[in-house]
Each structure stands twice: as structure tokens, then as C-alpha cells.
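Residue numbers for the sequence shown follow the UniProt record's numbering, so the first one is 1 and each next one is one higher.
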Amino acid sequence: MRIYHPRLAWYIDIRANGASYISLADFFQQLFAALNKPISKYDYYNNELDDEDRNILTHIYLNRCRSQEEKQEGVKRVDFLRGKIEWMGLVAGKNGMWRLKTA
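Quick look at the structure:
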């Protein structure tokens, strides 16, 4: 199952974990893991983001982090959602993929 979100530069691939189907546990654990991956400097400094975008990401990252340890992990993919992190569901998307809806 491949998921996308308009604000993310990455696809999220969800796979069944030892069964012939994807369980809810598979789905939410893998979605959480994918969104909590730290980004690389190439993700932060790319042609799609301008200085304003990077300032917004930095602001969101600093607001998300509650501890110094968490800050040391850096900007994560979830920060690209720009605070729109409430689950709204999935809708059928393009090319057999699913669009993640958040608010």
C-alpha cells in the first residue's frame, strides 16, 4: 500500500507484517515510523523549499520538541505537515495510491 500527502516529498509504503493483509497495527506503526524519520540536509536544502519554507519548518520543529534530546534528533518528516497532524483518513488517490488526509 503506497500513501502520499501533498505536503510530503516522500511516499509512505505500508507492508503486511507476516500476514496476507495489512493490519491496523501494521498501518499505524509504519505510518508513525515513516513520519518520525529525521530528514537529511538534502531534504532541507532542496530546490522546492525557499528560505520562508525553511523558516516555517524550523519553527514547527522547535515547537514540536519538548526536550533537548528531542531537538538533537532534528527536523523530521512530520514537520513537513506544518502542524496539520490530525488524522482525517485516507482517500483513493492517483495511480492506485492512497492520499493521507490530515487537518
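Ideal placement from N, C-alpha and C gives every residue a C-beta, glycine not left out. Since the model is a prediction, treat every value here as computed from it, not as a measurement.
For residue 12, does the count of other Cβ atoms within 10 angstroms reach 16, so buried, or fall short, so exposed?
In the sequence shown, residue 12 corresponds to position 12, counting from 1. Buried, because 16 or more other Cβ atoms sit within 10 Å of the Cβ of residue 12.
To the nearest angstrom, how far is the alpha carbon of residue 74 from that of residue 90?
Indexing the sequence shown from 1 puts residue 74 at position 74. Indexing the sequence shown from 1 puts residue 90 at position 90. Distance between the alpha carbons of residue 74 and residue 90 is about 28 Å.
Considering just the uninterrupted stretch of the alpha helix (DSSP H) at residue 61, what are its terminal residues?
Here residue 61 refers to the residue found at position 61 of the sequence shown. Counting along the chain, the alpha helix (DSSP H) containing residue 61 begins and ends at 51-64.
In the UniProt domain "DUF6699" (1-96), which residue ranges form an unbroken beta strand (DSSP E) of at least 3 residues, counting only runs that do not cross its ends?
2-4 and 87-92, all fully within the UniProt domain "DUF6699" (1-96).
Which whole-angstrom value is the C-beta distance of residue 102 and residue 84, which I expect to be below 8 Å?
For the purposes of this step, residue 102 is identified with residue 102 of the sequence shown, where counting begins at 1. For the purposes of this step, residue 84 is identified with residue 84 of the sequence shown, where counting begins at 1. Contact flag correct, Cβ pair sits at about 5 Å.
Taking residue 14 and residue 26 to be in contact with their CB atoms under 8 Å, please state how far apart those CB atoms are, rounded to whole angstroms.
As a first step, residue 14 is located in the sequence shown; it is residue number 14 there, counting from the start. As a first step, residue 26 is located in the sequence shown; it is residue number 26 there, counting from the start. Contact holds; Cβ gap of about 6 Å.
Straight-line CA distance for residue 1 to residue 66?
In the sequence shown, the residue the question calls residue 1 occupies position 1. In the sequence shown, the residue the question calls residue 66 occupies position 66. Computed Cα separation, rounded: 33 Å.
What is the rounded straight-line gap between the Cα of residue 61 and the Cα of residue 43?
What you label residue 61 is simply residue 61 of the sequence shown in a count that begins at 1. What you label residue 43 is simply residue 43 of the sequence shown in a count that begins at 1. Going from the Cα of residue 61 to the Cα of residue 43 covers about 14 Å.
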